[in-house]
Amino acid sequence: MRAIVTGQVGMDKKPFLNAVRDFAGAQGETLTLFHVGDRMYREAPDVRPGRVLDLPLSRLHALRRAVFRDVLAESRGNSLVAVNTHATFRWRHGLFSAFDFDQIRAFEPDLFICLVDNIEVVHHRLHSEHEVDATLKDCMVWREEEILATELMAQATGGRFFIVSRGRQNDNLRSMFRLLARPDMRKVYPSFPMSHVVDMPDVLAEIDAFRARLADHFITFDPGDVDEKLLLDRAIAAAKDGKDFIEVAPHSFGGRTGASPIRVSVRQVLDIAGDIDGQIYMRDFKLVDQSDMIVSYIPELPGGTPGLSSGVERELHHAFEHTKEVYVVWKPRKSPSPFITETATRIFRSVDEALDYFEGKGMFAPTNLFGH
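Each residue of the sequence shown is one higher than the last, beginning at 1 in the working numbering.
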């Protein structure tokens, strides 16, 4: 399997992909990994760290092509390869591409993977590593451009396109490894209510257990790994209290225990309110589309009310209309409506019942192929 892995500046893909490589090694697999950015700096030792994007476009282009020629030569004969690069740059030169189709085709990629992360974390990393002045809005636009350009690369060269979150360390390491080395494993979109159960710790614990158990057995594309909606809710509440900033605990891959909170501008968060909603809508449907099946967990809320959000209903309907397998774990005592029963492939009363069914149907890969 040969993969091109992209992501906007500030994603800090290198430590994540290095961890995936190490995880692969623990599974007895050799993942050959090329970091294009590192190689460009080695090719141009006169360029100060963090300043390669300030080079004239002609030199930047020539430097990238020279590095990719080396990647093409060194990757020959390797069966499991990932190239850490970018699809676009939005920098002082404006928006410009970060690839050449002739070299991408010569690499013969099977997969194109665009990594994403929570935008406040990306924004924080970007300013920690580069001398640049970018707003949260700039980072949101850049993420959208990176996703689109990566998808277009895949369409033009015949590779498969996936959006993958850095998200939770262990689950997403496994899913990334499996996508690269166990591509025939089932791909699952876990669906569950999010924003309106945020103040219900018992329900959240149920949902987290559901997410973790699916991640044990499948490649999962979890929508909860990138979710700026809570950030927006906090910013709206802070604005009502007359606050200019909120503090957000770093929680993405590689975050250190006890790391200092990220200070985020309330005004900048409010400025991206429409982008947050629009990108959640777009991204979550793409995650459903790249999955083989959707598994939705509907908890019972206090008072016996089914925890069925409008977002979950739309995801289930979208999956059904796109001929995905649709499975529902229905916990409430109240029976589901025809809008659930008529679109679901099967409804279960518990996660255990669902997993037993999936195992009985041969949906689990052999244990030695899981990548634990």
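The C-beta atom is built at its ideal place from N, Cα and C for all residues, glycine as well. Remember, predicted model here, so these are calculated numbers, not experimental data.
Of the choices the options, whose alpha-carbon is the least far from that of residue i?
i       : options                            : result
Thr-32  : Gly-7, Asp-289, Ala-3              : Ala-3
His-123 : Leu-270, Asp-12, Glu-74, Met-1     : Asp-12
Phe-285 : Ser-79, Glu-325, Glu-315           : Glu-315
Lys-137 : Asp-110, Asp-275, Leu-55, Ala-26   : Asp-275
Pro-15  : His-127, Arg-166, His-93           : Arg-166
Ala-344 : Glu-359, Gly-360, Val-312          : Val-312
Arg-125 : Arg-263, Gln-290, Asp-199          : Arg-263
Ser-79  : Phe-107, Leu-57, Leu-173           : Phe-107
Lys-331 : Glu-321, Glu-359, Ser-310, Pro-302 : Pro-302
Glu-300 : Val-52, Pro-201, Glu-359, Asp-244  : Pro-201
Asn-172 : Phe-348, Phe-23, Phe-339           : Phe-23
Per DSSP, which residues does residue i bridge with? Please list them.
i       : result
Asn-84  : Val-5, His-35
Ser-79  : Answer is none; Ser-79 lacks a bridge partner.
Pro-190 : Val-295
Phe-89  : Phe-96
Cys-114 : Thr-6, Ile-163
Arg-59  : DSSP, once it has assigned bridges, lists no residue as partnering Arg-59.
Pro-338 : According to DSSP, which records beta bridges pairwise, Pro-338 is partnered with nothing at all.
Pro-306 : Glu-300
Are the CB atoms of residue i and residue j nearer to each other than 8 angstroms?
i       : j       : result
Phe-101 : Ala-66  : no
Phe-34  : Val-9   : no
Ala-365 : Met-176 : no
Met-40  : Ala-87  : no
Glu-129 : Gly-50  : yes
Val-329 : Ala-319 : no
Val-269 : Pro-261 : no
Phe-68  : Leu-111 : no
Gln-279 : Glu-144 : yes
Phe-218 : Val-198 : no
Ala-215 : Arg-174 : yes
Starting from residue i and walking both ways along the beta strand (DSSP E), at which residues does that stretch end?
i       : result
Met-293 : 293-298
Glu-325 : 325-330
Leu-126 : Where Leu-126 is concerned, there is no enclosing beta strand (DSSP E), although the alpha helix (DSSP H) it sits in stretches over 119-129.
Arg-166 : Neither: Arg-166 is in no beta strand (DSSP E) and is coded neither H nor E.
Phe-245 : 245-248
Arg-263 : 262-265
Taking only the alpha-carbon atoms, compute the straight-line gap between residue i and residue j and give it to the nearest angstrom.
i       : j       : result
Leu-204 : Glu-43  : 49 angstroms
Lys-324 : Asp-292 : 6 angstroms
Arg-256 : Pro-250 : With a pLDDT of 41 at Arg-256, under the threshold of 50, the modelled position of that residue is not reliable, and the figure given next carries that caveat. Those two C-alpha atoms are separated by around 8 angstroms.
Leu-231 : Ala-238 : 10 angstroms
Arg-277 : Lys-229 : Contrary to the premise, residue 277 reads as Asp rather than Arg in this sequence. Approximately 7 angstroms between the Cα atoms of the pair.
Asp-356 : Phe-221 : 21 angstroms
Asp-227 : Asn-118 : 7 angstroms
Leu-55  : Arg-21  : 31 angstroms
Ala-98  : Ala-134 : 19 angstroms
Ser-337 : Asn-84  : 46 angstroms
Thr-6   : Lys-334 : 45 angstroms
Ser-195 : Arg-160 : 31 angstroms
Gly-28  : Arg-213 : 24 angstroms
Val-266 : Met-140 : 15 angstroms
Val-164 : Cys-114 : 6 angstroms
Ile-298 : Asp-352 : 14 angstroms
Arg-59  : Gly-94  : 16 angstroms
Glu-131 : Trp-91  : 11 angstroms
Ile-104 : Phe-96  : 16 angstroms
Ser-252 : Glu-120 : Low confidence applies here, because Ser-252 scores a pLDDT of 47, under 50, leaving its location unreliable; read the following figure in that light. Taking the straight line joining both Cα atoms gives about 10 angstroms.
Leu-373 : Pro-45  : No information on residue 373 is available, as it lies outside the stretch 1 to 372 that the chain covers here.
Ile-294 : Ala-62  : 44 angstroms
Gly-258 : Thr-341 : Only weak support is given to the placement of Gly-258: the predicted model assigns it a pLDDT of 49, under 50, and the value that follows is read from those uncertain coordinates. Taking the straight line joining both Cα atoms gives about 46 angstroms.
Glu-206 : Glu-151 : 34 angstroms
Arg-211 : Val-288 : 15 angstroms
Gly-254 : Ser-350 : Low confidence applies to Gly-254: its pLDDT is 42, below 50, so where it sits in the model is not reliable enough to give any reading.
Ala-26  : Asp-225 : 25 angstroms
Pro-193 : Glu-74  : 46 angstroms
Pro-109 : Met-1   : 8 angstroms
Gly-242 : Asp-233 : 14 angstroms
Gly-362 : Leu-148 : 35 angstroms
Ser-309 : Ser-296 : 11 angstroms
Glu-146 : Arg-283 : 13 angstroms
Could you please give the first and the last residue of the uninterrupted alpha helix (DSSP H) stretch that includes residue i?
i       : result
Gly-278 : 273-289
Gly-94  : Careful: Gly-94 lies outside any alpha helix (DSSP H), inside the beta strand (DSSP E) at 94-97.
Arg-346 : Arg-346 -> not in any alpha helix (DSSP H); beta strand (DSSP E) instead, spanning 346-348.
Val-203 : 201-217
Lys-361 : From DSSP, Lys-361 is part of no alpha helix (DSSP H); its letter is neither H nor E.
Met-185 : Per DSSP, Met-185 belongs to no alpha helix (DSSP H) and is neither H nor E.
Val-20  : 13-26
Ser-195 : No alpha helix (DSSP H) contains Ser-195, which DSSP labels as neither H nor E.
Phe-221 : Per DSSP, Phe-221 belongs to no alpha helix (DSSP H) and is neither H nor E.
Gly-311 : 310-321
Arg-143 : 136-157
Arg-234 : 229-240
Ala-377 : What is shown of the chain runs 1 to 372, which leaves residue 377 out entirely.
Can we count residue i as close to the ligand COA, meaning its CB is less than 7 angstroms from some heavy atom?
i       : result
Gly-274 : Ligands displayed in this structure: none; no statement on the ligand COA is therefore possible.
Any beta carbon of chain C sitting closer than 8 angstroms to that of residue i?
i       : result
Val-132 : This model lacks chain C altogether, as it is built from one protein chain only.
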